[in-house]
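Working notes, beginning with the structure itself.
2 protein chains.
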Amino acid sequence: MPSGPTVGLLLFLPYRAMEARVLAALAEAGFDDVTLAQARVFQRIGPDGTRLTDLAEQAQVTKQTAGFLVDQLERAGYVRRGPDPADGRARLVRITSRGSAAQAAAAEVVAEVEAEWERHLGSRRMGALRETLLRLREITDPYA
Amino acid sequence: MPSGPTVGLLLFLPYRAMEARVLAALAEAGFDDVTLAQARVFQRIGPDGTRLTDLAEQAQVTKQTAGFLVDQLERAGYVRRGPDPADGRARLVRITSRGSAAQAAAAEVVAEVEAEWERHLGSRRMGALRETLLRLREITDPYA
DNA sequence: GAGATTAGACAGAGAGACTGACCATCGTCA
DNA sequence: TGACGATGGTCAGTCTCTCTGTCTAATCTC
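Chains A and B are the protein sequences, given in the same order.
Read left to right, the first sequence gives residues 16 to 159 (our numbering).
Read left to right, the second sequence gives residues 16 to 159 (our numbering).
Given below as structure tokens:
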């Protein structure tokens, strides 16, 4: 079966490249206290705050791990925890202004890298890639 | 910039799904002592053996980490270390027969999952995906 | 050959992830 | 309405992974 690298590996390579670029750019911009694991959780926080359990589920880690990472993000000033008005048990993790700044910096690099990819692939291929991946998500993302 | 999820995230989701499927299938087939980190290194070992440094470079971890993981794979009987006839300093990590069995089991699941994806996407889209990812690899894999 | 480089191992430390136990609150249904 | 299972979250302990730093042996370069 000499089909070359598997699609799985081929998906991984650009993903890792993107992640590394974003993390490096964040560090460059002064957000040098964010780790990869923290960023993976941070990325999932919605504009109106997100519950810890939801973060854990989406990032596919345990509640404990998510809590551990949120602790660190909180200590570093990127997020804060507040009560959830809809549920007394729950607490909402919200992004602070410092967190927003980091988020903006990250979005900028993401756009930049995607533009590089589009230049390399051509816009037709890039669009098809995005669309195909969205379809693939339907059967690979339990949290879609 | 309401472009939905980034391409980076969209790449990650099916990759993670594939990885999880393979690991689960390996455990099912009796190879239940392999961890994700070990598998990521194991995956890179070539048929004629591979040097530790090369494994580390491809997996993008330090030599120490690669050595640590190879230690475990060796103890579990999946690989063995031997001398490298071409370089007295180096040692070649080779796959044992147990390792080959695991590799075969993994390849089977990979093929199965890829077939599922192809059924969902259609063969035209699946082929285009593979081709596009190969092109993307040119600029995202320093080790291509 | 001398010196720089490379392959790899050893030691120690920190981060990340898990399991298990626990408490408080919510939702349901008798 | 109140008992009980389910859910959100925390605390404690452990194991795996990964890194930095240091070291030896072998190779390569001049």
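Don't be surprised by glycine CBs; every beta carbon is placed ideally from N, CA and C.
- Interface residue (Cβ-Cβ distance to chain A less than 7 Å): Thr68 of chain B is not classified as such.
- Rounded to whole angstroms, the gap between the alpha carbons of Val49 of chain B and Ile154 of chain A is 26 Å.
- Neighbours of Pro29 of chain B in chain A, taken as residues whose beta carbon is under 9 Å from its own, are Val22, Gly23, Leu26, Leu148, Leu151, Arg152, Ile154, Thr155 and Asp156 in chain order.
- Distance from the CA of Val85 of chain A to the CA of Gln58 of chain A, rounded to the nearest whole angstrom, comes to 12 Å.
- Proximity of the region 71-82 of chain B to the region 119-131 of chain B falls short of the contact definition, fewer than three beta-carbon pairs being nearer than 8 Å.
- In summary, the residues of the region 115-140 of chain B whose CB is separated from some CB of chain A by less than 8 Å are Ala122, Val125, Ala126, Val128, Glu129, Glu131, Trp132, His135, Leu136 and Arg140, in the order they occur in the chain.
- As DSSP reads the structure, Asp102 of chain A sits in a beta bridge with A:Asp99.
- Note on Tyr30 of chain A: 16 or more other CB atoms within 10 angstroms of its CB, so buried under the neighbour-count rule.
- When Cβ pairs closer than 8 Å are counted between the two stretches, the region 37-54 of chain A is seen to touch the region 79-97 of chain A, the count reaching three or more.
- Shown here for Ile110 of chain B: same chain residues with a beta carbon closer than 6 Å to its own, the five before and five after excluded, namely Ile60 and Val94 in chain order.
- Between Val22 of chain B and Arg145 of chain A, the CB-CB gap stays under 7 Å.
- Residue nearest to Pro62 of chain B within the set B:Ala119, B:Gln87, B:Asp102 and B:His135 is B:Ala119 (criterion: CA-CA distance).
- Straight-line measurement puts the Cα of Lys78 of chain A at about 16 Å from the Cα of Tyr158 of chain A.
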